[in-house]
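Trainee:
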Amino acid sequence: MMRQAIATGSSARRTLSGAARVLLALKLDGPLTFGLGLTAGYGLLVLFSASGGNLRMLIGTVLRLALGIAVMLALARLSPNLLRRASPWLYGLGILLLLAVAAVGHVHLGAKRWLELGPVQFQPSELLKIAVPMMCAWYLHERALPPRWRDLAVLGVIILVPVALVAKEPDLGTAALIAAAGAVVIFLSGLRARVVIALLLLAVVAFGLGLRFMHGYQRARLLTFLDPQAHPLSSGYHIIQSQIAVGSGGMFGKGWMAGSQARLDFLPERTTDFIFAVVGEEFGLLGLAVLLLLYTFVIGRSLYLAMQCPDTFSRLLGGAIAVTFFIYVFINAGMVTGLVPVVGVPLPLVSYGGSSIVTELSGFGILMSLFSHRKLMG
Amino acid sequence: MSPVRIKDNWREQRIFVRRVWFVTALMVIAAIAVFARLYYLQVLRRHYYEDLSVANGVRTVPIPAARGLIVDRDGQIMASNRPTFELQLTPDEVPDLRGSLQRLAKLALVRESDIPELIRAIKSQLSFDPVPIRVQLSESQVARFAVRRFEFPGINISPQQSRWYPLKNLGVFAIGYVGPISASELAHINQAAYAGTALIGKSGIEAQYEHVLHGTNGYRQVLVNALGREVRRPGVLARQLHEKPPVPGDDVIVSLDLKIQRLAEKLLKGQDGAVVALNPWNGNVIALASSPTFNPNLFARGISEKQYLALVNNPDNPLFDRALRSQLPIGSTIKPAIALGALTEGVLNPTKRIYAGSDWHLPGSDHMFHNYKHEVCGRIGLNMAIIMSCDVYFYQVAYKMGIERLGAWLPNFGFGKPTGIDVPGEQSGLVPTPAWMAKHYPHGYGWYPGDTVILGIGQGTFLATPLQLAHYAGILATRGLSFRPRLATGLRNPLTHKIHWKRPVLDGNLTMISRSSWQVVIKAMHGVTTNPRGTAYWDMINATYPIAAKTGTAQLTREEANGDYNLKATPKKLRDDSWFITFAPLYKPRIAIAVLVEHAGAGARAAGPIAMKILNAYLLGPNGKLLPATPRARYSMPRDIAPRVAAGVDPTLTATERAAQP
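Sequences listed follow chains A and B, in order. When you line the first sequence up against our numbering, it's residues 1 to 378, in that order. When you line the second sequence up against our numbering, it's residues 1001 to 1662, in that order.
Here it is in C-alpha cells:
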C-alpha cells in the first residue's frame, strides 16, 4: 500500500518533471505558458458564443493561435544576443513597411493600414509594437543609465518617426500604443522623476494641440466618450450598448450563449474590440474577475521574468512587453466599461481577428527567450 | 562637461526593480479602477442595465381583446365581431414595388391615384414589417387576389377582427357604431391600454360602454435583433419572454325588444320621425327608433368618402338621432303636465266648467289666441279640455299659472334637462323662463304674457326631444315615478356567462301631486281614446284594453297660429309636426310611448296609428288577447314605492278603477 502510494506519487512527480523538461528544452517558461494557454482557452469559449456559434471564426482563431505559438516557439529558441543585434534591422524593416503602406497600402474602412502579401493581409504597425521597444532597449543597452538629455532626444526620434507614420494612416490607437511601448522602456530605464513629470506635462499640451488637428471622427470619439448620451444612435451607441451588456450581466451573468445584447446584435464589434462586454454579459462580474485574474497572473509572471534578466536590453524589453500587455488589457476593459475613450484596441488573446494574437505571442516568445537564455548573457 | 559615466549593471538593475514596483503600483490602482467600474455597472446598477437590455431586445406585440357583444333582452346579437381580410405588403419581399402596386390597381384592389401615397407610406415603415395597403376586402376581392397570388410575392391576405352588425340599420341609434380611432380620441384614451386596438365606439352603447366592451388587451413578447427584425428561433433567450392573454370585453345586454324595434322602424320608414317606447317601471327602453337610418357596418368597414358624403348631404340627415337630439315644440302633449301643475298649485278647479270659444285674448289686450282650426270647444271642464285638446281652455290655465310656476313645474316631468339615458349626445330641450329670455335675447322685447299663454299648448320657445316625451309619458303612467331611461340592463361575462344586472335608477317621485289630481288627468287621457270627441278616438277605436293617450300638433308657422292653414298647400318643411304620447294598459301600464312624425300634420293623423300598432304588438299575444304581465325582477327601492313598483300598479286605486283593470 505504502509503497504503491509512494510509487504513484513519484510517478506523478516524474510526469511533472517530464513536462518541465520539455518546456525547458523548448526554452519556455512553465507558469507563463500555462497562464497564456488558459487565457486563450477562455477566449475561445467566449468567442464561440460571441460569434453566435460560428465554427469558421473559431477555427480561424485556432489557426491564428497555432501560428502565434509557432512564432513564440521560434522566438523563444533564439538567443537574446541575436535578438538584440537584429533590433535595428527589424526597426528599419518596420519603417520601410510603413512607408510602403503609405505608398501602396490597402484601403479598408477609410484607413490605409494593410499590406497585401499574397493571400495574407498584414498590418506593419503590429510589427512596430515590438520593434520600437526593441529598438529603444537596444539603444539604451550600451548607454549608462539613467539616460541623459541627448539619449532622450535620440529615443524621441526613434519613437516618433513610426508613431507619426502610423498616426497618418490614420490609426491613432495603435500609434498611441507604439508610443506607450517606447515610453515604458524609457521609464523603466530610470529616467529621472522630474523629467518624467515634465514630459507628461508636455504630452498633455501636445494632446491639446493634437485635438485641433484631429479628424472629425477622432475628435467625435473623444467627445462622445465624455458624453455618450448626447449621440445615442451614432457615436455613443458603442459605449451605451457595451455598458448595457456588462451591467445587465450582473454578478453571475446570463449564461453562456445567452447574452441577449450579443446574440441580438445590439453589441457592436462583439467578437473583436468589444468581446470583453460579452464576457461581462454572459459570465457576469465573476467571469470578468476570472479573466482579469488570468491577465494579472500573466503580467505578474512576465514582470518577474523581466526582473530576473541580467542585462539591460533584456530587462527593458521584457518589462516593456509585460507593461504594454497590461496597457492593452486596461485600455480595452476601460473602453468597454466607459472608463476611457473608444480606441480600437483588441482584448489580448481573446478578441477575434487581425494579427494581434501573433504579435502578442511573439512578445511572450521574446520574453521567454530573454529569460531562458539568461545564463548565457554576460 | 559631465564626467564620463561608467555603466553600472547592479545599479541599473536596482533602478529597474524600483521602477517595476512603481509601475506595478500604478497597475494595481488601474485594476482597482476597473473593478470599481465593474462593480458599479454589474452590481449597483444591475437592474437599470437589465431593464435597458430587455427594452433593447424584447418587443411587446399587443394581442387585442375580443370586443364584447351587444345583445337584446332575448340574447339576440346586435353587434358582434367577425374576421375581415386586409391586403398586407412586406416591403422586403416585394421585388418591384411600383410594378406590383400597378398590377394590383389593374385588379381594382388599389386605386391608381393612391399609388404615390402608398409608396411613401410603405417606405416610411420598417422594411420587414407588413404594411396594410387595403383593408376590409370583400369576398370577391379576396377571391380576385387569391387566384393571382403567385404574381405578387410579398403581398398577402391577413385576417383581422372587425365589428359586424348583423341586423344592419336596426336599432343603430341605440347600439351606435365603431370606427377607426381618431386623433382627438387618441388624446383622451389610455394609449397603452389601446395598443393593438383598431376600432373604438363612436356613438350609442358602443361609445357609452366602450370601457366595458373593449376588454383588456394582452401581449406577447418577441425577441428582436438590433435591426428590429423578429428572431424566429430564440433558443435559450426565450426564457426572458413573457406573454399575457387578453381578457375579452363584457357583453352588454340592452333592453330593446327587437320585435317592437323592428316594427317601429318599419312604421317610420319613408318619414322623418322618432319612436321611443319604454317600461315606465324601470326606465328600460323597449324601442328607440329614429328615421331615416343608416347602416353602421359602413363605419366599422372604413367608410368611403363617397358613402360618407352621401349620408351627410342627405336632406333628411340619416346620421341625426332624432329620438335624442331633435329638440322641437311638442304641441298639446304638454297639456297633462300643465293640468297636473295647475291642479297641484290650486289654480285650477277640475270640475268648474268654463266657456271656451274659438279664440281668447289676454285681459287688456286685443291680441287673439286661436283654437286649432278655429274650433269652438263650448262649455267644458278639465276632463273635456284634455279629451278635445282645447287650446283656449289651456291658454287660460297657463295664464293663471304664470310663467314662474310653469317654469318650476315642467322640469318635474323631465323637461329642460337631459333624462340621463346611457347613450351619449342627448339634448336637454328647453323650458323657457323670463330669466332665460333676458339672458339669450338681451336686446329683445323681454317676456310677454303671450309667451306664457302659448307655453300652455306646448308652443313658442319650449322644446323637448322624443326621448323626453316618452320619459314624461312614463312619469304619467306610474303616477309620478321618474325612472332614468336606460338601454343597458346587464353586463355579461363572455367566459363565465355570469350576468351583472344593473339596478334601475329612480330620479324622482312627484309625491306632491294628489291622488285625485292623477285620477282626473289620467281619466281624461283615457277619454282621449274612448270619448268620440277625443282626439285619438279614431286611432284607438279597436283597442281591446284601456289606453291613456295625448295627441300633439306642433305648429311651425305663423299662419297656423292664425288657423289659416292647409296641410297640402304648405311646403313640407313648414308642415306641423305630429306628436303622440300613450301608455297602456291604463291602470297597470307596461309600456309608455312617444311618437314623433315630422311635418305630418295633426298628432292623431300620423303619430297616433303608429303608437296604436306598437301598443298592440307589445301587449297582445298572437290570439289577440292581452299577454299576461311578465314577472318583474325585484330591485331595492325606497320603501314607500317598492310595493307599487312590484305590483306595477298604484295600490291606492279606487274600486271602480280596479274593476276596470283587464
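Note that beta-carbon positions come from the ideal geometry of N, C-alpha and C, so glycine has one too. Quick caveat, the model's predicted, so the values are computed rather than measured.
What would DSSP say about A258 (chain A), mapped onto helix, strand or coil?
Mentor: In the structure shown, A258 (chain A) sits in coil (DSSP, three-state: anything other than H, G, I, E or B).
Trainee: Can you pull the chain B residues whose beta carbon is under 7 Å from the beta carbon of P133 (chain A), in chain order?
Mentor: Ordered by position in chain B, no residue passes the 7 Å Cβ test against P133 (chain A), which lies about 14 Å from the chain.
Trainee: Assuming G1446 (chain B) contacts G1429 (chain B) (C-beta within less than 8 Å), just tell me the rounded distance between them.
Mentor: Going by Cβ atoms, the distance from G1446 (chain B) to G1429 (chain B) rounds to 22 Å, so no, they are not a contact pair.
Trainee: Pull up the DSSP beta-bridge partners for L1626 (chain B), would you.
Mentor: L1626 (chain B) pairs with B:L1620.
Trainee: Classify I197 (chain A) as helix, strand or coil using the three-state DSSP reduction.
Mentor: Residue state, collapsed to three classes: helix.
Trainee: Would A1488 (chain B) and V1110 (chain B) qualify as a contact pair, given that the criterion is a beta-carbon distance under 8 Å?
Mentor: Not closer than 8 Å, so no.
Trainee: For M307 (chain A), would you say it is in contact with chain B, using Cβ-to-Cβ distances shorter than 8 Å as the test?
Mentor: Answer yes: the Cβ-Cβ gap between M307 (chain A) and chain B drops below 8 Å somewhere.
Trainee: Is it a yes or a no for the region 1127-1145 of chain B touching the region 1279-1295 of chain B, going by three-plus beta-carbon pairs under 8 Å?
Mentor: Cβ pair count under 8 Å is below three, so no.
Trainee: Between which residues of its own chain and Y1635 (chain B) is the CB-CB distance below 8 Å, once the five residues before and five after are set aside?
Mentor: No answer about Y1635 (chain B) holds up, because its pLDDT of 44 lies below 50 and its placement is not dependable.
Trainee: Do you know whose CA, among B:G1490, B:G1474, B:A1300, lies nearest F1483 (chain B)'s CA?
Mentor: That would be B:G1474, whose Cα lies nearest to the Cα of F1483 (chain B).
Trainee: Comparing alpha-carbon positions, which option in B:P1091, B:Q1102, B:V1147 lies nearest P1132 (chain B)?
Mentor: When only C-alpha atoms are compared, the closest one is B:P1091.
Trainee: Does DSSP classify A1633 (chain B) as helix, strand or coil?
Mentor: With a pLDDT of 43 at A1633 (chain B), under the threshold of 50, the predicted position of this residue should be treated as unreliable, and no value is reported.
Trainee: Rounded to whole angstroms, what's the CA-CA distance from Q1013 (chain B) to F313 (chain A)? Just pull it up for me.
Mentor: Distance between the alpha carbons of Q1013 (chain B) and F313 (chain A): 11 Å.
Trainee: Could you have a look at H1361 (chain B) and say whether DSSP puts it in helix, strand or coil?
Mentor: Strand.
Trainee: Would you kindly check if the distance between the Cβ of A40 (chain A) and the Cβ of V278 (chain A) is under 8 Å?
Mentor: The answer is no: Cβ separation not under 8 Å.
Trainee: State the beta-bridge partners of Y1048 (chain B) as determined by DSSP.
Mentor: Per DSSP, none; premise fails for Y1048 (chain B).
Trainee: With a threshold of 16 other CB atoms inside 10 Å of the CB of V1453 (chain B), please say whether the residue is buried or exposed.
Mentor: Its Cβ being crowded by 16 or more others within 10 Å, V1453 (chain B) is buried.
Trainee: Verify whether the separation of the beta carbon atoms of G1331 (chain B) and Q1459 (chain B) is less than 8 Å.
Mentor: Yes.
Trainee: Going by C-alpha to C-alpha distance, which of A:L93, A:Y295, A:L288 sits closest to F1035 (chain B)?
Mentor: F1035 (chain B) has its Cα closest to that of A:L288, out of A:L93, A:Y295, A:L288.
Trainee: Counting only beta-carbon separations shorter than 8 Å, does N1297 (chain B) have a partner in chain A?
Mentor: Closer than 8 Å: no.
Trainee: Can you tell me the Cα-Cα spacing of V161 (chain A) and M251 (chain A), whole angstroms?
Mentor: Near 45 Å, if we compare the C-alpha coordinates of M251 (chain A) and V161 (chain A).
Trainee: Quick one: what's got a C-beta closer than 8 Å to F1299 (chain B)'s C-beta in the same chain, skipping five residues either side?
Mentor: Answer for F1299 (chain B): Y1177, V1178, G1179, K1202, listed in chain order.
Trainee: How far does the beta strand (DSSP E) with E1375 (chain B) in it reach, from first residue to last?
Mentor: Where E1375 (chain B) is concerned, there is no enclosing beta strand (DSSP E), given that its DSSP letter is neither H nor E.
Trainee: Quick one: does A320 (chain A) have its CB under 8 Å from some CB of chain B?
Mentor: Not closer than 8 Å to any Cβ of chain B, the Cβ of A320 (chain A) fails to qualify, so no.
Trainee: Using 8 Å as the threshold, is the region 1357-1368 of chain B in touch with the region 1407-1421 of chain B, meaning 3 or more CB pairs across them?
Mentor: No: fewer than three Cβ pairs fall under 8 Å.
Trainee: On a CA-only basis, which of B:D1129, B:Y1393, B:A1105 is nearest R1379 (chain B)? Give me that one, please.
Mentor: Checked all of B:D1129, B:Y1393, B:A1105; the closest Cα to R1379 (chain B) is B:Y1393.
Trainee: Between S1124 (chain B) and chain A, is any beta-carbon pair separated by less than 8 Å?
Mentor: So no, S1124 (chain B) is outside the interface.
Trainee: Are the CB atoms of P1589 (chain B) and A1464 (chain B) nearer to each other than 8 Å?
Mentor: No, Cβ-Cβ distance for P1589 (chain B) and A1464 (chain B) is not below 8 Å.
Trainee: Does the separation of the CB atoms of L1278 (chain B) and A1592 (chain B) fall below 8 Å?
Mentor: Yes, the Cβ-Cβ distance between L1278 (chain B) and A1592 (chain B) is below 8 Å.
Trainee: I'd like to know whether the C-beta of I366 (chain A) is nearer than 8 Å to at least one C-beta of chain B.
Mentor: Taking Cβ atoms only, chain B never reaches closer than 8 Å to I366 (chain A), which makes this a no.
Trainee: To the nearest angstrom, report how far apart Y1618 (chain B) and Y1399 (chain B) are at their CA atoms.
Mentor: When rounded, the distance between both Cα atoms is 39 Å.
Trainee: Return the first residue and the last residue of the beta strand (DSSP E) that F1483 (chain B) is part of.
Mentor: Counting along the chain, the beta strand (DSSP E) containing F1483 (chain B) begins and ends at 1481-1483.
Trainee: The region 322-353 of chain A: which residues have C-beta closer than 8 Å to a C-beta of chain B, in chain order?
Mentor: Residues V323, F326, F330, A333, G334, T337, G338, L339.
Trainee: Note down the Cα distance separating P1116 (chain B) from S1326 (chain B), rounded to an integer number of angstroms.
Mentor: Each residue's alpha carbon lies about 44 Å from the other.
Trainee: Going along chain B in order, which residues have a C-beta closer than 7 Å to the C-beta of R263 (chain A)?
Mentor: In chain order: L1237.
Trainee: What is the DSSP secondary structure of Q1160 (chain B), counted as helix, strand or coil?
Mentor: Strand at Q1160 (chain B).
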